[in-house]
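Chemist:
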Amino acid sequence: MVDARPSPRSLKRLATLLLWLGALAYISTIGEAIVGWPFDIHDSYLSELAARQYPRSWLFRLTDLLSGVAIFSGTLLFVRQAGFQAGLRRSASIEQGKGALRAGWGSFCLFRRALATGLSIFALATIIDSTVTPLDCALSLPECREQIKAGEVGRYEWMHDASSVAVGVGTVTVACSLILIVLFRHRARYSLGMRIAASSLAASVVLLVGFLTGAELLGVGPVGVVQRIQVSLTGVLIAFAPAGFDPEGAFAVRRRRE
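Here our numbering is used: the first residue of the sequence shown is 30, the next is one more, and so on.
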């Protein structure tokens, strides 16, 4: 009988590719530069690029949607790949679909479960943010503030705030879990460069998210440039996430052949 299960290696490669594509699509500063920085980068947030009243908002909502779908799909594939890999060690057959996901989740350590959970929260919140809860208008523009003051727009801005908070929670969860994986999983053969780069990057993202949260709560601003740096580094962080699932991947220390 032919084994219809996909190769764990092929699933791993596809999952890695999806996370990389999702990470690239999430860095909206790239699209912002392409369209010529339509808003003041010091006073505006990147989410204003997806505001309904902005003519090119469809482009940024689309890239956010593709980013969320790619990251969520890649995360599920990594879990499924772990399930098939675990199944191959334990028995000659394993259920497809949900069975593989359950087996994969059960084979993960606590840190990798946190990584998968953080990526899923991040991806789903990004999807919601791009489809259900975009801003009505660009908050940095005087005409938008006048519309909000007149009660014409902005009634459901709290929904955008909620989805943005969820994205932040997912980001911090991914960053913290990646730090724990690369520094404290002694069986994982990560290179020294990987340990330093991933942990430094993740710590920087956490600090920037904390700074932006504090600035928002205290009404300190403008923080547009800082937010753009944070979003760009978050995209790079997501690109590092496959290494958290695959300790023998590209960043691992290779054993010399005897």
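Note that the Cβ used here is the ideal one computed from N, Cα and C, for glycine as well.
Tell me the DSSP secondary structure of residue 55 in three-state form.
Modeler: Residue 55: helix per DSSP, three-state reduction.
Chemist: Find the nearest neighbour of residue 41 within the set 218, 267 and 107, judged by alpha-carbon distance.
Modeler: Minimum Cα distance to residue 41 is reached at 107.
Chemist: Excluding the five sequence neighbours on either side, which residues of its own chain have a C-beta within less than 6 Å of the C-beta of residue 271, listed in chain order?
Modeler: Hits under 6 Å: 45 and 48.
Chemist: Cutting at 7 Å between CB atoms, please list the residues of its own chain near residue 288, excluding the five before and the five after it.
Modeler: What the structure shows of the chain is the stretch from 30 to 287, and residue 288 is not part of that stretch, so it cannot be assessed.
Chemist: Comparing alpha-carbon positions, which option in 69, 63 and 65 lies nearest residue 170?
Modeler: Among 69, 63 and 65, the Cα nearest to that of residue 170 is on 69.
Chemist: What is the rounded straight-line gap between the Cα of residue 185 and the Cα of residue 223?
Modeler: Rounded to the nearest angstrom, the two C-alpha atoms are 42 Å apart.
Chemist: Quick one: Cα of residue 134 to Cα of residue 112, how far?
Modeler: When rounded, the distance between both Cα atoms is 7 Å.
Chemist: Report yes or no: do three or more beta-carbon pairs, one from the region 193-211 and one from the region 229-238, lie closer than 8 Å?
Modeler: Yes, since at least three Cβ pairs between the region 193-211 and the region 229-238 fall closer than 8 Å, the two stretches touch.
Chemist: What did DSSP end up calling residue 179 once you bin it into helix, strand or coil?
Modeler: Three-state result, residue 179: coil.
Chemist: In chain order, which alpha helix (DSSP H) runs of at least 4 residues are fully inside the region 73-160?
Modeler: Listed in chain order, the complete alpha helix (DSSP H) runs (minimum 4 residues) inside the region 73-160 are 86-119, 127-136 and 139-160.
Chemist: For residue 19, does the three-state DSSP call read helix, strand or coil?
Modeler: Any property of residue 19 remains undetermined from this structure, which presents the chain solely from 30 to 287.
Chemist: Please classify residue 196: is it buried, with 16 or more other beta-carbons within 10 angstroms of its beta-carbon, or exposed?
Modeler: By the neighbour-count rule (16 or more Cβ atoms within 10 Å), residue 196 is buried.
Chemist: How big is the Cα-Cα spacing for residue 256 and residue 75?
Modeler: Taking the straight line from one Cα to the other gives about 8 Å.
Chemist: Between residue 167 and residue 83, how many whole angstroms is the CB-CB distance? I'm expecting something under 8 Å.
Modeler: That pair is a contact at about 6 Å.
Chemist: Is residue 98 close to the ligand ZN? I mean its beta-carbon at under 7 Å from any heavy atom of the ligand.
Modeler: Absence of the ligand ZN from the depicted structure is noted, as is the absence of any ligand whatsoever, leaving it without description.
Chemist: Assuming the contact rule is C-beta atoms closer than 8 Å, residue 51 and residue 141 should be a hit. Round their C-beta distance to whole Å, please.
Modeler: Rounded, the Cβ-Cβ distance is 18 Å, inconsistent with contact.
Chemist: On the CB-based measure, 16 or more other CB atoms within 10 Å of its CB, does residue 119 come out buried or exposed?
Modeler: Only weak support exists for where residue 119 lies, its pLDDT of 44 falling under 50; the value from the coordinates is given anyway. Under this definition residue 119 is an exposed residue.
Chemist: Residue 210 and residue 144: beta carbons closer than 8 Å?
Modeler: Yes, the Cβ-Cβ distance between residue 210 and residue 144 is below 8 Å.
Chemist: Using the Cβ count rule (16 or more neighbours within 10 Å means buried), how would you classify residue 86?
Modeler: Answer is buried; the Cβ neighbour count reaches 16.
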